[in-house]
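Heads up: the structure comes next, in structure tokens.
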Amino acid sequence: RPPEDYNMDVTSYDQIRRGTYDIHARVKDMNVNGVLGSLCFPSFPQFCGQLFSRAEDKDLGMVMLQAYNDWHIDEWCGSYPGRFIPLAIPPIWDPDLMAREVHRVAKKGCHAVTFSEDPSQLGWPSLHSEHWDPFYKACVDEGMIIALHIGSSSVIPMLTDAPLDVMITLTPLNLFQTAANLIWSPVLKRFPDLRFALSEGGIGWLPYFLERIDYVYERHRFWTHQQFGDMLPSQKARENFTFCFIDDKAGVAARDRIGIDSITWECDYPHSDSSWPQSPEALTKHFDATISDEEINKITHRNAMEAFRYDPFAHRPKEQSTVAALRAEAEGVSTTGID
Numbered sequence: 001r002p003p004e005d006y007n008m009d010v011t012s013y014d015q016i017r018r019g020t021y022d023i024h025a026r027v028k029d030m031n032v033n034g035v036l037g038s039l040c041f042p043s044f045p046q047f048c049g050q051l052f053s054r055a056e057d058k059d060l061g062m063v064m065l066q067a068y069n070d071w072h073i074d075e076w077c078g079s080y081p082g083r084f085i086p087l088a089i090p091p092i093w094d095p096d097l098m099a100r101e102v103h104r105v106a107k108k109g110c111h112a113v114t115f116s117e118d119p120s121q122l123g124w125p126s127l128h129s130e131h132w133d134p135f136y137k138a139c140v141d142e143g144m145i146i147a148l149h150i151g152s153s154s155v156i157p158m159l160t161d162a163p164l165d166v167m168i169t170l171t172p173l174n175l176f177q178t179a180a181n182l183i184w185s186p187v188l189k190r191f192p193d194l195r196f197a198l199s200e201g202g203i204g205w206l207p208y209f210l211e212r213i214d215y216v217y218e219r220h221r222f223w224t225h226q227q228f229g230d231m232l233p234s235q236k237a238r239e240n241f242t243f244c245f246i247d248d249k250a251g252v253a254a255r256d257r258i259g260i261d262s263i264t265w266e267c268d269y270p271h272s273d274s275s276w277p278q279s280p281e282a283l284t285k286h287f288d289a290t291i292s293d294e295e296i297n298k299i300t301h302r303n304a305m306e307a308f309r310y311d312p313f314a315h316r317p318k319e320q321s322t323v324a325a326l327r328a329e330a331e332g333v334s335t336t337g338i339d
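Heads up, the sequence shown is in our numbering, so the first residue is 1 and it goes up one at a time.
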């Protein structure tokens, strides 16, 4: 829908674009947008599976969660090999079960798992707690990245009478707090190879964030007893975090201060922040004469391929994966309405 048609009205399936729920239509919508690969977060189960965690019968909740993961990996992603990055939901109510599910889906070729940006807001222990260690260890053992989506705590700090614009503006900054909690947490001391993707958090805030954590470390580590060995906190953040943006010209302009190897782009289809069906054109506006082809390749696909252990070119030649080639396959696909 065009922005002028956005609203809070109840929507039925016949009022939304088929690509939001039909895998074949989704691939057509990816092609018309010039997008090769996609990672899809859960919608009705919520970003980290809160729906399943609320089941009174946890055995039933586990059955439903695994059914979702199997459908997502085998049917949704499996229908078009190389076009989708599988993302599993963990049973957040039991860290040992979380670990087992990580191992189970890893055997199916899944290398990413979702989690909450702040589980304490959902009634679980905080990110700092050893409670989550079985889950973290399993992720390290399997080389699995943990994706933290904005809003996955189901809370956005704002005044009770604030306009909706405040919520929409502040949502990405939840991950500023998450990143600060993780970088100072003992978690990364216990699991130095644990990796997180800060999904949809933007990158424009990162130069200050990275500067700030180094400033705090240099001034206060002696009495807070923080230790990062021979590196600075900012270096550790670049090493363990992948930062994701939709539209962030300020962040791309500051890519040298952020670290080009940590930046990935996303289009957010089918949500209202998405640049679909003109994502390549929207992204190109971020690039000026100072950016190199190598940097563009890292932002658009190479960093994501490394972070998510994803190789689309094992299934599809590069020459068939360009924006022009993908759009050629989408001839006749309407980009208006719900077709």
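Backbone N, C-alpha and C define an ideal beta-carbon position, used for all residues, glycine too.
How far does the beta strand (DSSP E) with residue i in it extend, from its first residue to its last?
i	result
Trp184	First-last for Trp184: Asn174 to Trp184, but that is the alpha helix (DSSP H), not the beta strand (DSSP E).
According to DSSP, residue i sits in a beta bridge with which residue or residues?
i	result
His149	Ser199
Thr171	BP columns for Thr171 are empty, so no partner.
Phe84	Ser38
Val113	Ala88 and Ile146
When you compare the CB positions of residue i and residue j, do they come within less than 9 Å of one another, or not?
i	j	result
Ile263	Phe243	yes
Asp133	Arg83	no
Glu200	Ile150	yes
Phe222	Ile146	no
Pro3	Ser234	no
Arg238	Leu194	no
Phe135	Met98	yes
Phe115	Cys40	no
Asp247	Ala282	yes
Ile73	Lys108	yes
Thr178	Leu198	yes
Glu117	Leu148	yes
Ile183	Ile213	yes
Gln226	Tyr215	no
Pro91	Gly61	yes
Output needed for residue i: all residues of its chain with C-beta closer than 8 Å, excluding positions within five of it in sequence on either side, in chain order.
i	result
Val323	Gly34 and Pro280
Leu159	Val166
Val105	Asn69, Ile73, Pro86, Ala88 and Val113
Ala307	Ile145, Arg195, Ala197, Thr242 and Thr264
If I measure Cβ to Cβ from residue i and keep anything under 7 Å in the same chain, skipping five residues before and after, which residues do I get?
i	result
Thr309	Position check: residue 309 holds Arg in this sequence, whereas Thr was assumed. These residues qualify, in order along the chain: His111 and Gly143.
Lys58	Trp93
Gly259	Arg238
Ala314	Gly82
Between which residues of its own chain and residue i is the CB-CB distance below 6 Å, once the five residues before and five after are set aside?
i	result
Trp205	Phe176
Asn181	Leu127
Along the alpha helix (DSSP H) that carries residue i, what are the first and last residues, could you check?
i	result
Phe52	Gln50 to Ser53
Lys285	That residue, Lys285, is in no alpha helix (DSSP H); it is neither H nor E in DSSP.
Gln66	Lys58 to Asp70
Arg100	Pro95 to Lys107
Asn297	Asp293 to Asn297
Leu326	Val323 to Glu329
ask   = What residue ranges within the region 191-268 form continuous alpha helix (DSSP H) runs of no fewer than 4 residues, ordered along the chain?
value = Within the region 191-268, the complete alpha helix (DSSP H) runs of at least 4 residues are 206-224, 233-240, 249-253 and 255-258.
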